[in-house]
Amino acid sequence: MEKRYLISVILILGIFLVAGLFYKSKELKKAYQGDVQQGLQQIRPLDNSILTVDDTRDLPLPVQKYLAYTGVIGKEKVQNVRIVCEGKFRPDPKKGLVPMVSEQYNYFDKPSRFYYIKLKMFGIPVVGVHSYKDATASMRIKIASLFKVADAKGEIMNKAETVTIFNDMCLLAPASLIDKRIKWETIDPLTVKATFTNNENTISAHLYFNEKGEIVNFVSDDRCLTTTGEEFRQARWSTPVRDYKDFNGVKLASYGEAVWNLPEGDYCYGQINIKEVVPNFYSFKQQY
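Residue numbers (this note's numbering): 12 to 299.
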């Protein structure tokens, strides 16, 4: 009788343990979904919602040409964007590339970015979530959705992710470049410097264009390299892009790389194929 009772207790405890682990494994995804849906609740109809040439007159000529090339003139101003990507990710300079998929939601009135990535390392699933809202950023990565690999936050992350969301604005939501928080400086006919301020975070980047009007590279010195979230290394960050394609009537780069330009050599940690770019969405859709 005692043995049977003990087995029952062990089984019950096992069920609770499995249930607890299952719930905990969904923790990052639930946090990501909650942030996205909270952002959706803040979307309001825009006045003067069509982007016109007049909206772009104060921009440097290379940026004006870029907006005309992408086809955003005459379309709705952008409030938010949903982005789905596939590609390869290198978690460490000494490791190989592994397949990855990602999904993200960006909001532009109050700059916010919620990024969800899935990949496998040694056959084990790895999930990561980047959150940027109220000018505050965090990065959390877990193996098997349970065990922490990285947990980064603080002033360095806040500034770094301000660079990231501005990069998204330039490459994936060009209509957002009329934002008055951006200050522009023309360097030459194919290069501009942009300074973007969100609350206490001010970052800068150089944008490089080709003769057609396409952005071909984005370079900033305001990000820091970290693989653990504990140690940070100041480094130049660049995102060369190419292969412009039509996404919902807007011509955008469909392939890009994420590169740390280190003294010892370039560390390309991301090779990214853009699969979907959906502006001005009003409902949540989980792709992965």
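Don't be surprised by glycine CBs; every beta carbon is placed ideally from N, CA and C. Quantities reported herein were computed from a predicted structural model and do not represent experimental measurements.
- Look at the stretch 175 to 249 and you find these whole runs of beta strand (DSSP E), each 3 residues long or longer: 193 to 199, 202 to 209, 212 to 220, 226 to 236, 244 to 249.
- Exposed is the label assigned to Thr-63, since fewer than 16 other Cβ atoms lie within 10 Å of its Cβ.
- Looking only at Ala-246, Asn-178, Gly-260, Ala-264, the smallest Cα-Cα distance to Asp-254 is reached by Ala-264.
- Listed in chain order, the non-local C-beta contacts of Gln-282 below 6 Å within the same chain comprise Gly-98, Lys-99, Glu-268, local neighbours out to five positions each way being set aside.
- Counting the other Cβ atoms within 10 Å of the Cβ of Ser-249 gives 16 or more, which makes it buried.
- Beta-bridge partners assigned by DSSP to Glu-87: Ile-61.
- If you keep only unbroken beta strand (DSSP E) runs of at least 3 residues inside the stretch 70 to 129, you get 91 to 100, 109 to 118.
- Taking the Cα positions, Asp-199 is about 15 Å away from Glu-225.
- With the rule of 3 Cβ pairs closer than 8 Å, the stretch 42 to 58 does not count as touching the stretch 170 to 178.
- Taking C-beta atoms as the reference points, Phe-258 and Gln-48 fail to come closer than 7 Å.
- DSSP links Tyr-280 through a beta bridge to no other residue.
- In the DSSP assignment, Asp-254 falls within the beta strand (DSSP E) that extends over 252 to 258.
- Across the structure, Gly-107 and Ala-161 are spaced so that their CA atoms are roughly 19 Å apart.
- Annotated three-state conformation of Asp-66 is helix, per DSSP.
- Distance from Phe-292 to Ser-187 at the Cβ level is roughly 15 Å; contact not present, criterion being Cβ atoms closer than 8 Å.
- The beta-carbon distance between Cys-96 and Ser-113, rounded to whole angstroms, is 5 Å. This is short enough to meet the 8 Å contact definition.
- Taking the C-beta atoms as reference points, Ser-60 is found no nearer than 7 Å to Glu-38.
- When the five nearest sequence neighbours on each side are left out, the beta carbons in the same chain lying within less than 7 Å of the beta carbon of Pro-104 are those of Tyr-278, in order along the chain.
- DSSP lists Val-252, Ile-283 as the beta-bridge partner residues of Gly-267.
- Linking Tyr-266 to Gln-115 through their CA atoms gives a straight-line distance of about 16 Å.
- Separation of the CB atoms of Lys-262 and Tyr-80 is rounded to 7 Å, and the pair is thereby assigned contact status at 8 Å.
- Secondary structure of Ala-171 (DSSP, three-state): helix.
- Under DSSP, the beta-bridge partners assigned to Tyr-143 are Arg-124, Ala-148.
- Beta-bridge annotation (DSSP): Lys-262 is paired with Asp-257.
- According to DSSP, residue pairing for Val-47 in a beta bridge does not occur.
- With fewer than 16 neighbouring CB atoms inside 10 Å of its own CB, Ala-155 falls in the exposed class.
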